[in-house]
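J.: Supplied in structure tokens, the structure appears directly below.
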Amino acid sequence: MGGGAAIALLALGLVLSFKASGVVNLAHGALGMYVAYVFFELRNFETDPAGKPGGDLVLPILGLPARVHLVDRPTVFTALLVTFVVAAALGAGVYGLVFRPLRNAPPLARVVASLGLFLYLSAVAKLRFVGETGQGAAAIQPEFPLPSGAVRIGDAVVPTSNFVIAVVALASTVALVCVYRFTRFGLATRAAAENEKGALLTGLSPDRLGYLNWILATTLAGMAVILIATDTHGIDPTTTSLAVVPALGAALLGGLSSFGATAAAGLAIGMSQSTLTTFQSNNQSWLPDWLSGGALAGALPVVVILIAISLQGSTLPTRATLLDRRLPRAPEPKHPVLACCAVATVAAVGLLTLDAQWRLAIIVSTIATVIALSTVVVTGFVGQISLAQNAFAGLAAFTTAKLATTYDIAFPIAPILGIAAAVVVGVVTGIPAVRVRGLTLAVATIGIAVAVENLVFNSPALLGISHIPRPELFGIDLGLRDVGDKNFRPAFGLFALALVTASAIIVANLRRSATGMRWLAVRSNERAAAAAGINVASMKASAFATSAFLAGVGGVLLAYELSSLSTDNFSIIAALASVALVYLGGIASIGGALFAGILATGGVLTKLNGGAAGGASQYQFAVSGLVLIIVAIFSPDGITGAASSAMRRVVDKVRSR
Amino acid sequence: MSATGAGLAVRGLAVSYGGVQAVDDVSFTVEPGEIVGLIGPNGAGKTTTIDAISGFTVSRGQVELAGRSLTSAPAHARARAGLVRTFQSVELFDDLSVRQNLAVAALPVRWWGPLVDAVAPRRGRHADVDDALDAVGLLELADARPTDLSHGQRRLVALARALASRPRVVLLDEPAAGLDTDETEALGTLLHTLRDRGIGVLLVDHDMSLVLTTCLRIVVLDFGRVIATGAPDEIRRDPNVVRAYLGSSEANS
Amino acid sequence: MQNRHSRALAVCASLVVFLAACSEETTTGSGSDASTTTAPKVVRECSEVDTIVECLPDGSLLVDYAPDIATEATGEALKIGTINQDTGAAGAFPELTVADKVAFDFLNQEFGGVNGVPLELITCDTAFDPQKSLSCAQQMVDEDVVAVIGGIDIWGDGIQVLEDNGIPYIGGIPVSFNAARSSVSFQFSGGIWGAVLGEANYAVEVLDAKSVAIIHAQFPPIADAAEYGKRYLESVGVEYKVITVPPIGADMVAAMNQAAESDPDAIIALTADSGCVPTMQTAKQLGLDATLLLTGACAAPKIIDSAGDDAVEGRIFNLEAELSDTNPDSALYQAIAEKYGPKHNFEQQGAGTVSFRSVMNMYTILRDLSADATNPDDVRAAISRESILEAFRATVDRPSFFGHPYTCDGNQLVDLPALCAPQQTLGQLSDGAVIQVSDWIDVGALL
């Protein structure tokens, strides 16, 4: 029950910031996390006068001093006051600097911006509060004056603090409902959300409303995380920030509008997770072997949410839906076969002439490129924001591994079946896409990735699969491994290169064809597309199927590259990072995919930077977060887009002489 | 009016939003080669009627095209069947060139399309596309982007797209809005071309002179109901129509 | 991040040596000083001399290998690699690499390296990325190292490359399946598998438990270890209940309630170290009667401090060491850390003790291999990848640096051939200090 109230509290803040600015803030949990850390750090002192005095205010801006000492041993009240100021400043800053400029931007830009914010905040929190060594896990103990002890209810023992959280959640819901229904401020916010000009008539500027609402939302988030961290006795920059995922589910179930429904949904999600934990631990013998214990608990709520939000949506956007402006450029490849083969030739030469570590770097980049291509197709061309790509890759990888080891299915049948499995799930993922769009769809795909992870990756049937047999085709050994410097064999590399080059040519062909035109039409304007006779639903399905196919190719290659597969290769974080890189490169262009491939960790750029010795530091994450935000605001075409515009300007200048 | 069964037949069309009846028991036909006008004061339900006929909003009643019932068909299927509409706000695909905007409508749809495209991309050349552009006089702008065109030119491209779909009946929602004199002339020419090719037209517009001069028949809506149908002269003199427009113009004055 | 649990899982299986090393010094909270009577005398003596050779504690593993006076080694070095997660988004363990450096400094500057040949450390950071693990291993191959000291490598992909090239992978924290199963891996710890079996056995034999609950994070190696626990409990006819919790944001209240439903006598919790404090505090908050057993990582001083005295009282942790006031190896470790640590900013109390032990164990093998050599060339000839592999595989009850003697015959624990010393001891937190509550448990014999 405590879990549900916590989800509800977080979700309320999400709905608040959405009502105010039309943004579904994926970084909501991260904001709350940082605010909570500030509070706990202020109160992080020892009562012994000779001990730590605490009272340090930690600032989130890189470049400025990390901490400012305010007062020794602040009381709870003082600490709360300071924390509130920080929350207000953060909320206002985030709105003013990030989301207000993105008011009229397409949903993808807003998703990427909130992603960048998520990365930045969790990296800065790690730097400031946890330090470089991971052992700081227990450094800050979340503490807030909550009653201790527990109460017996039936069979269960419930900590008293859970009740407190539930009461707070309830009170917040009631307060928010009242404010938004009965006060001028609330009504003005609702009006502004629908019609900016109309809001001016009420005398409050839409901007001021935005700021106030965001301050309120961030304060709510901070309060929620303070309570939750104290109740669960733990806080962590990344884990806590990811708590936004079930909160997103609750917010969507509440239609992103009703506080009451959102709170109820949060409670329901929490309760269902507890119930399912009960269910699976009772050794139900009728559960199939391959369904792991926690799988249902993790997957079922997600499936329910997906069904619910799909039912809420509509097959075609209504007239009231605002049209997207400034979609990222989707350039038409002029000479696809030539360009792809040129790049492939360079890579092939590298594979045949450079040493083992370089070969590995090229292989890593090649695989990352094909996974990035899957994002280019589904998000770049068709405008469906999908974060499930890595889950598709993982599905293909695990299926292939299982078939090749347990069922002794030979190469290339096993990988073909693996890719087929990914395509099937890809089409299924396309189903909610028919009825929901934009950020809601993004969240739905997160849900699907979570479900796949729970049901498949954590399944006992896949436990510890290793030693996939070497792939062999027509007598040619395509295996990766060899002794000494012959390791990371060119044969495997060339095979991967061939597959990926073929994929790139296929994507380029599709872009230049009637299918590509229809995809872009769907991205551009679904209503007009339908009016032009385009079956929007089947176009979306074909896009998801194609992208799942591409991701599946990547997954299969990974299966033969790594001796041990793990869920972390295919996690949501990995998906977010991949989408971010592609966006950076140009999300609707094949060049963008290549860019993402080159920049992938362990790929060509890493090798150029000094290879295995270096590692991604927290500073790098923080900087990439900032870069993402900047790119989302100023250059939605990504770097390749900006580069080609610059090139065109130069060419025009030359021509006009 | 005899229903020859070769054109559009609408029977008992009704649309309600919440508790409001936006369209109530509307029936009429559009024969091949006919230009039928649909007029009424603001808020009478004209665009809603078009939305309902073309499948963009949920409705009750029957919609038939060339004897085939489209009542349960989704919007894109109605368009493919030959029932094509344009939008009040010109909705072109900004990412595609003018030619490609038309090609997506003109090229036939096959289930194996994407598979073929992956290997041998169909590039979008189609006789209907050039023909339609020619009919609106924009052939030389075929490779331009919609963002490069004037508002009027974009409107004409939208009309050309409707024509390129090989329609039986087109539903035009305010096609003349924002056109200059040359462009209005082009519109008039296009309407005649449609009529000559045996394509039925349902014309919604506020430009009364255009409607009264081009339309064979006019259907008048008020508060979602048909209050009059007939030839332009009859409509001009119909007291119900005058009252409906006067009533609204009184409210506006 | 989902990597959270994997990181901490790594720590789960370690921290034994450090725990014992500092249990005399460290107490919970900051007040009581129960250690004053137990600090070994040798430490004080070592602070009075210049070299540790002069104050080598009696009974330490290195005593038989010590020169009469401190001798420095010079010349062409033997290359030893280490692959470790020094940095990483989900947790960083640079201290393992630093511990290697400290140990190497000491051995080179005082023990004359290996019979006059110095040891050179080649480091590589996996940055928590499986493909970097591959790359690091390849680097070791390229550099022609004769062995690799294990660190924390959750993925263990690199170990496959080492196996392909016949390079021994010695010690570290066995988390990945590769680390526990590869034919070139030699581990001095039982990892999470040993921990579960040891605790389950303790519950059955000492606590006389009729019903045991196992709560574990959803992660393949942990799930696999839980299976081992289940098999053992089944074999002795004890009822069990297994509850999985998601690695992210686990609701320990629900899990604990679930565990409590079957009225267990013992609850074994296998979670990430970020789950230690919530587990202990929740158990206290709910007022559960059952004995709570956790992994050794949860006994870290910082975690004990955070959890608070009430929450940690009576909890049981797996140790893999014998707690003793005057353990010579532990005293030696402290002395070396104090003298050679500051140059590298080495933090004594940490997971570094695991790799320190691995270096010392490897060192004695190298010394034995080259015992007959009279000049550096002969030393280098005697020490090769093959000879090291052979030597380890021939070990039977060989003394380990502050750990249970190890036998690398591949049969110590079923299906986990690389675990040479999976035996466990358990400690209980009582009145602010950890006291050992069991002798060595031979977990291999349990299955």
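Chains as they are written, first to last, in the working numbering: chain L, 42 to 698; chain V, 13 to 265; chain E, 139 to 585.
The beta carbon of each residue, even a glycine, is placed where N, CA and C say it ideally should be.
Can you tell me whether N610(L) is buried or exposed, with buried defined as 16 or more other CB within 10 angstroms of its CB?
T.: Residue mapping note: residue 610(L) aligns to position 569 of the first sequence, counting from 1. Classification for N610(L): buried.
J.: When Cβ atoms are compared, which residues of the stretch 423 to 438 of chain E fall closer than 9 angstroms to chain L?
T.: So the list reads Q423, L424, G425, L426, A438, given in the order they occur along the chain.
J.: Does DSSP classify H138(V) as helix, strand or coil?
T.: The residue you call residue 138(V) lines up with position 126 of the second sequence. DSSP places H138(V) in coil when its eight states are reduced to three.
J.: Output yes if chain V places a C-beta closer than 8 angstroms to the C-beta of V577(L); else output no.
T.: Locating residue 577(L) in the first sequence gives position 536, counting from the first residue. Interface residue, yes.
J.: On the CB-based measure, 16 or more other CB atoms within 10 Å of its CB, does C436(E) come out buried or exposed?
T.: Position 298 of the third sequence, counted from the start, is the residue given in the question as residue 436(E). Counting Cβ neighbours within 10 Å, C436(E) comes out buried, since at least 16 surround it.
J.: By the three-class DSSP mapping on this structure, what secondary structure does P537(E) have?
T.: Translated into positions along the third sequence, residue 537(E) becomes position 399. In the structure shown, P537(E) sits in a strand (DSSP, three-state: E or B).
J.: Can you name the residues of chain E whose CB is closer than 8 angstroms to the CB of V405(L)?
T.: As a first step, residue 405(L) must be located in the first sequence, where it is residue number 364. Residues of chain E passing the Cβ test: Q269.
J.: If we ignore side chains and look at the alpha-carbon of each, how far apart do D106(V) and S579(L) end up?
T.: The residue labelled residue 106(V) in the question sits at position 94 within the second sequence. The residue labelled residue 579(L) in the question sits at position 538 within the first sequence. So the alpha carbons of these two residues sit roughly 21 angstroms apart.
J.: Please report whether the beta-carbon of D280(E) lies at a distance below 8 angstroms from any beta-carbon of chain L.
T.: For this step, residue 280(E) is matched to residue 142 along the third sequence. Answer yes: the Cβ-Cβ gap between D280(E) and chain L drops below 8 angstroms somewhere.
J.: Under 8 angstroms between the Cβ atoms of F324(E) and G294(E)?
T.: Taking the first residue of the third sequence as position 1, residue 324(E) is located at position 186. Taking the first residue of the third sequence as position 1, residue 294(E) is located at position 156. No, these two residues do not count as a Cβ contact at 8 angstroms.
J.: Which of the three DSSP states is assigned to P183(L) in this structure?
T.: Along the first sequence, read from residue 1 onward, the residue named residue 183(L) stands at position 142. Looking at P183(L) - three-state DSSP - the assignment turns out to be coil, as it is neither helix nor strand.
J.: Please list, in chain order, the residues of the stretch 553 to 564 of chain L that have any C-beta partner in chain V closer than 8 angstroms.
T.: Against chain V - using a Cβ distance shorter than 8 angstroms - the residues of the stretch 553 to 564 of chain L are R553, S554, A555, T556, G557, M558, R559, L561, A562, R564.
J.: Once the 5 residues before and after L187(L) are set aside, which same chain residues still bring their CB inside 6 angstroms of it?
T.: Mapped onto the first sequence, residue 187(L) falls at position 146. Hits under 6 angstroms: S202, V205, T271.
J.: Could you spell out the range, first to last residue, of the beta strand (DSSP E) harbouring Y203(E)?
T.: Position 65 of the third sequence holds residue 203(E). Y203(E) -> no beta strand (DSSP E), and no H or E assigned at all.
J.: Taking 7 angstroms as the line, does the beta carbon of D506(E) fall inside it for any heavy atom of the ligand FMN?
T.: With respect to small molecules bound, the structure shown includes none, and the ligand FMN cannot be examined in it.
J.: What are the complete alpha helix (DSSP H) segments, minimum 4 residues, inside the stretch 332 to 414 of chain E?
T.: Entirely contained in the stretch 332 to 414 of chain E, the alpha helix (DSSP H) runs reaching 4 residues are, in chain order, 358 to 373, 390 to 399.
J.: Could you name the residues of the stretch 389 to 413 of chain L whose beta carbon sits closer than 7 angstroms to any beta carbon of chain E, in the order they occur along the chain?
T.: The residues in question are A397, Q398, L401, V405.
J.: Report yes or no: do the stretch 287 to 305 of chain L and the stretch 619 to 636 of chain L share at least 3 C-beta pairs separated by less than 8 angstroms?
T.: Taking 8 angstroms as the limit for Cβ pairs, the verdict is that the stretch 619 to 636 of chain L does not touch the stretch 287 to 305 of chain L.
J.: Determine the direct distance from the alpha carbon of Y660(L) to that of L162(L), and round the result to whole angstroms.
T.: By 1-based counting over the first sequence, the position of residue 162(L) is 121. By 1-based counting over the first sequence, the position of residue 660(L) is 619. Taking the straight line joining both Cα atoms gives about 11 angstroms.
J.: Just the C-alpha distance for V450(E) and Q423(E), rounded to the nearest angstrom, thanks.
T.: Stepping through the third sequence from its first residue, residue 450(E) is reached at position 312. Stepping through the third sequence from its first residue, residue 423(E) is reached at position 285. Taking the straight line from one Cα to the other gives about 12 angstroms.
J.: Along the chain, where does the beta strand (DSSP E) containing H110(L) start, and where does it finish?
T.: For the purposes of this step, residue 110(L) is taken as residue 69 along the first sequence, with counting starting at 1. Start and end: 108 to 110.
J.: Could you spell out where the alpha helix (DSSP H) holding I489(L) opens and where it closes?
T.: Here residue 489(L) corresponds to residue number 448 of the first sequence, with the count starting at 1. Counting along the chain, the alpha helix (DSSP H) containing I489(L) begins and ends at 479 to 493.
J.: When you compare the CB of P514(E) with every CB in chain L, is at least one pair closer than 8 angstroms?
T.: Position 376 of the third sequence holds residue 514(E). Judged by the 8 angstroms Cβ criterion, P514(E) is not in contact with chain L.
J.: Can you list, in chain order, the stretches of the alpha helix (DSSP H) that have 4 or more residues and sit fully within the stretch 85 to 135 of chain V?
T.: List check, alpha helix (DSSP H) in window: 87 to 93, 110 to 118, 125 to 131.
J.: For A654(L), would you say it is in contact with chain V, using Cβ-to-Cβ distances shorter than 8 angstroms as the test?
T.: The count along the first sequence starts at 1 and reaches residue 654(L) at position 613. Residue placement at A654(L) is flagged as unreliable, the pLDDT there being 42, under the threshold of 50; a coordinate-derived value is accordingly withheld.
J.: Taking the straight line between their C-alpha atoms, what separation do you get for T174(L) and Q487(E)?
T.: Mapped onto the first sequence, residue 174(L) falls at position 133. Mapped onto the third sequence, residue 487(E) falls at position 349. For T174(L), the pLDDT reaches just 47, beneath the cut-off of 50, and the residue's location in the model is therefore unreliable, leaving the point undetermined.
J.: Could you tell me if I194(L) is buried or exposed, where buried requires 16 or more neighbouring beta carbons within 10 angstroms of its beta carbon?
T.: Taking the first residue of the first sequence as position 1, residue 194(L) is located at position 153. That one is exposed.
J.: 8 angstroms is my cut-off, CB to CB: does I547(L) come that close to chain V?
T.: Translated into the one-based positions of the first sequence, residue 547(L) becomes position 506. Yes, its Cβ sits closer than 8 angstroms to a Cβ of chain V.
J.: What first and last residue would you give for the alpha helix (DSSP H) that runs through N222(E)?
T.: For the purposes of this step, residue 222(E) is taken as residue 84 along the third sequence, with counting starting at 1. Run containing N222(E): none in the alpha helix (DSSP H); it sits in the beta strand (DSSP E), 216 to 222.
J.: Between T174(L) and chain E, is any beta-carbon pair separated by less than 8 angstroms?
T.: Position 133 of the first sequence, counting from 1, holds the residue named residue 174(L). Reliability fails at T174(L), whose pLDDT of 47 lies under 50, so the model's placement of it is uncertain and the value that follows must be treated cautiously. Yes, T174(L) lies at the interface with chain E (some Cβ there is under 8 angstroms from its Cβ).
J.: So, for S213(L): in the same chain, excluding its five sequence neighbours on each side, which residues have a beta-carbon less than 6 angstroms away from its beta-carbon?
T.: Walking along the first sequence from the start, residue 213(L) turns up at place 172. Here the set comprises L53.
J.: If you drop the 5 nearest sequence neighbours on each side, which residues of the same chain put their C-beta closer than 6 angstroms to that of G595(L)?
T.: The residue you call residue 595(L) lines up with position 554 of the first sequence. Only I408, V411, I412, A434 meet the Cβ criterion.
J.: Can you confirm whether Q314(L), when its beta carbon is compared against all beta carbons of chain E, has any partner nearer than 8 angstroms?
T.: Reading the first sequence from its first residue, position 273 is the one you call residue 314(L). Chain E contact via Cβ: present.
J.: What residue range is occupied by the uninterrupted beta strand (DSSP E) comprising I135(E)?
T.: Here chain E has residues from 139 to 585 only, and residue 135(E) is not among them.
J.: Distance, Cα to Cα, S221(V) vs G49(V)?
T.: Within the second sequence, the letter at position 209 stands for residue 221(V). Within the second sequence, the letter at position 37 stands for residue 49(V). In a straight line, the C-alpha of S221(V) is about 12 angstroms away from that of G49(V).
J.: Which value, in whole angstroms, describes the spacing of the CA atoms of D160(V) and Q112(V)?
T.: Counting from 1 along the second sequence, the entry for residue 160(V) is found at position 148. Counting from 1 along the second sequence, the entry for residue 112(V) is found at position 100. Their Cα atoms are separated by approximately 15 angstroms.
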